[in-house]
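Letter by letter, the sequence shown follows residues 3 to 87 in the numbering used here.
We treat Cβ as the ideally placed atom computed from N, Cα and C, and that holds for glycine.
Bear in mind that the values here come from a model prediction, so they are computed numbers and not experimental data.
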Amino acid sequence: MNDQERITDLLCSEKKMSANYDTFASECVNVALRDDFLNIFSRGHQTQTDLFKLAQSKGWYQVEQAPASKVSQAYTRFSNQQPTM
């Protein structure tokens, strides 16, 4: 396994773990345990950011800039939505 594959694997793992911690925290009755999950969740996001920046600096993870018109369309579309209960 080369460095690019390792970083990609770590990034994918962090994304999955963050999704799990988010679910655990939102469904946790114990406040202290929920706060622990949220802390781990936050640290995981920082790790994802660090891994993403590293991969991007090496040219392994390229993201295209969205045209301003598409950003505006998405903003308009989602800013009008209200959460449903």
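Query raised in the report: For residue 77, does the three-state DSSP call read helix, strand or coil?
Result: The three-state reading of DSSP puts residue 77 in helix, counting H, G and I together.
Report task. Assign residue 35 to buried or exposed, taking buried as 16 or more other Cβ atoms, counted over all protein chains shown, within 10 Å of its Cβ. Result -> With fewer than 16 Cβ atoms within 10 Å of its Cβ, residue 35 is classed as exposed.
**Report entry** Through-space distance from residue 72 to residue 84, alpha-carbon basis
**Finding:** Using only the alpha carbons, I get a separation of about 21 Å.
**Report entry** Limits of the unbroken alpha helix (DSSP H) element including residue 7
**Finding:** Where residue 7 is concerned, the enclosing alpha helix (DSSP H) stretches over 5 to 28.
Query raised in the report: So is residue 39 buried or exposed if we call it buried at 16+ other beta carbons inside 10 Å?
Result: With 16 or more other Cβ atoms from the protein chains shown falling within 10 Å of its own Cβ, residue 39 counts as buried.
Query - Through-space distance from residue 37 to residue 61, alpha-carbon basis - result: Between the C-alpha atoms of residue 61 and residue 37 there is a straight-line separation of about 36 Å.
Report task. Would you check if the distance between the CB atom of residue 20 and the CB atom of residue 43 is smaller than 8 Å? Result -> Remark: C-beta atoms of residue 20 and residue 43 approach each other more closely than 8 Å.
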